[in-house]
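Read through the structure below, which is laid out as structure tokens, and then see the notes.
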Amino acid sequence: MKKLGVDYIIKYHWLVIERDIPKLPYSTQVQVEKGIREKLLISPERFGRPLRKTLKGNRRLRVGDYRILYRVVEKTIFIWSIDHRSIVYKEAVKRLFK
851 MKKLGVDYII KYHWLVIERD IPKLPYSTQV QVEKGIREKL LISPERFGRP
901 LRKTLKGNRR LRVGDYRILY RVVEKTIFIW SIDHRSIVYK EAVKRLFK
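Heads up, the sequence shown is in the numbering used here, so the first residue is 851 and it goes up one at a time.
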């Protein structure tokens, strides 16, 4: 079977591991993991939408009411924030520009 896409490496901001993922409901954790595995690792530019203004250069992946904010650099995907859509952008700005 021929493999589609490029092999990407995922790197997480330390707060994603320590705060974002543990506070998500279990069902959302499963959906987020599935989105990362089935979309980001296959084609992050195709599935994620580009962000604008202060977050320009980053992208977002929608998972229900939650968003995964990330940046693609060559074959590495840096995940900055995973949170509810109402606060994820504010948190990402704090993390990126702190």
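We treat Cβ as the ideally placed atom computed from N, Cα and C, and that holds for glycine.
It should be emphasised that the depicted structure is a prediction, and the values quoted were computed from it without experimental measurement.
Taking the beta carbon of residue i as the centre, do at least 16 other beta carbons fall within 10 Å, making it buried, or is it exposed?
{"i": "Arg-917", "result": "buried"}
{"i": "Asp-915", "result": "exposed"}
{"i": "Arg-910", "result": "buried"}
{"i": "Ser-877", "result": "exposed"}
{"i": "Ile-929", "result": "buried"}
{"i": "Pro-894", "result": "buried"}
{"i": "Val-913", "result": "buried"}
{"i": "Met-851", "result": "Any answer about Met-851 is weak, because its pLDDT of 41 lies below 50 and its placement is not dependable; what the coordinates show is given next. When all chains shown are included, Met-851 counts as exposed."}
{"i": "Ser-936", "result": "exposed"}
{"i": "Lys-853", "result": "At Lys-853 the pLDDT is 49, less than 50, meaning the model places this residue with poor confidence and gives no usable figure here."}
{"i": "Ile-867", "result": "exposed"}
{"i": "Val-923", "result": "exposed"}
Residues bridged to residue i by DSSP?
{"i": "Arg-921", "result": "Phe-928"}
{"i": "Leu-911", "result": "Ile-918"}
{"i": "Tyr-862", "result": "Ile-929"}
{"i": "Arg-899", "result": "Arg-910"}
Which whole-angstrom value is the C-beta distance of residue i and residue j, which I expect to be below 8 Å?
{"i": "Phe-897", "j": "Leu-890", "result": "7 Å"}
{"i": "Ile-859", "j": "Lys-925", "result": "6 Å"}
{"i": "Arg-899", "j": "Asn-908", "result": "With a Cβ gap of about 10 Å, Arg-899 and Asn-908 do not count as contacting."}
Inset, instruction - Count the CB pairs spanning the region 884-891 and the region 864-872 that are closer than 8 Å, and state whether there are at least three. - result: no
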